[in-house]
Amino acid sequence: MRMRRPALLDGPHPPELSAVPDEAVLQRLIGDAKVMREQREHLYRMP
């Protein structure tokens, strides 16, 4: 299964995932200010 997982995720019909993070996720400190900024920027760029 572990070897097939990348093929499933990167294949022609990857599964879809929808998630709604709660507010605490945005306030929980992970790393320094640079890491937090990059994480938030990544969230803003997501479709």
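First residue of the sequence shown: 35, per this note's numbering; consecutive thereafter. Each residue gets a CB set at the ideal place from its N, CA and C atoms; glycine is no exception. Just so it is clear, the structure is predicted and the values come from calculations on it, not from any experiment.
Give the straight-line distance between the Cα atoms of residue i and residue j, rounded to the nearest whole angstrom.
i           : j            : result
arginine 62 : arginine 74  : 12 Å
leucine 43  : glutamate 50 : 9 Å
proline 40  : aspartate 66 : 30 Å
valine 54   : glutamate 72 : 19 Å
Among the candidates the options, whose CA atom is the shortest distance from the CA of residue i?
i         : options                       : result
valine 59 : Pro81, Gly45, Leu77 and Leu51 : Leu77
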